[in-house]
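Worksheet: the structure to be examined is printed underneath.
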Amino acid sequence: MRSDGLDRVCRAGTAAIGRPDRTLDAINAYSAAAADDVLPIGRADVEHAKHTLLRYPALSARDALHVAVMARHHIAALATKPYIHCIDSAKRH
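Numbers given in the working numbering equal positions in the sequence shown, counted from 1, plus 41.
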């Protein structure tokens, strides 16, 4: 997903938190930006996320899963989280 699409998705998703009326906007933004780029979460990713959480307890479970899936797919950059650069396998760009 290109960073401009990711930015739209993040803004729409943040605006939808606690606002059911905005949920469809978030889903549409995601669909337009990355419908073909969804990566599955497997059992190994969940195990990787558990180890990541033990090593970086400040992360959310969601962020740990993102890191695990990124590692499995050799994705080294994530632009949505300002602190993600602290993870060895994820570099912020």
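Glycine is no exception: its CB is placed at the ideal position from the N, C-alpha and C atoms. Remember, predicted model here, so these are calculated numbers, not experimental data.
Residue i and residue j closer than 8 Å at C-beta
i, j, result
"A90", "A105", "yes"
Neighbourhood of residue i by C-beta distance below 7 Å, restricted to the same chain and skipping five residues each side
i, result
"L95", "none"
Distance between residue j and residue i (C-alpha atoms, nearest Å)
i, j, result
"H152", "N69", "Past the boundaries of the shown model lies residue 152; the chain is included only from 42 to 134, so the question cannot be answered."
"L65", "V110", "25 Å"
"S101", "I58", "16 Å"
"Y97", "D62", "34 Å"
"I116", "A99", "21 Å"
"T93", "I82", "15 Å"
"R133", "V108", "Model confidence at R133 stands at a pLDDT of 45, short of 50, so the residue's coordinates are unreliable and nothing is read from them."
Residue i burial status per 10 Å Cβ neighbour count (16 or more: buried)
i, result
"L80", "exposed"
"V87", "exposed"
Start and end residues, alpha helix (DSSP H) containing residue i
i, result
"H115", "No alpha helix (DSSP H) contains H115, which DSSP labels as neither H nor E."
"R96", "R84 to R96"
heavy atom of the ligand MN below 7 Å from residue i C-beta
i, result
"A99", "Summarising the ligand content, the structure contains no ligands, and the ligand MN is consequently not present."
Neighbourhood of residue i by C-beta, 6 Å cutoff - its chain only, sequence neighbours within 5 removed
i, result
"R60", "none"
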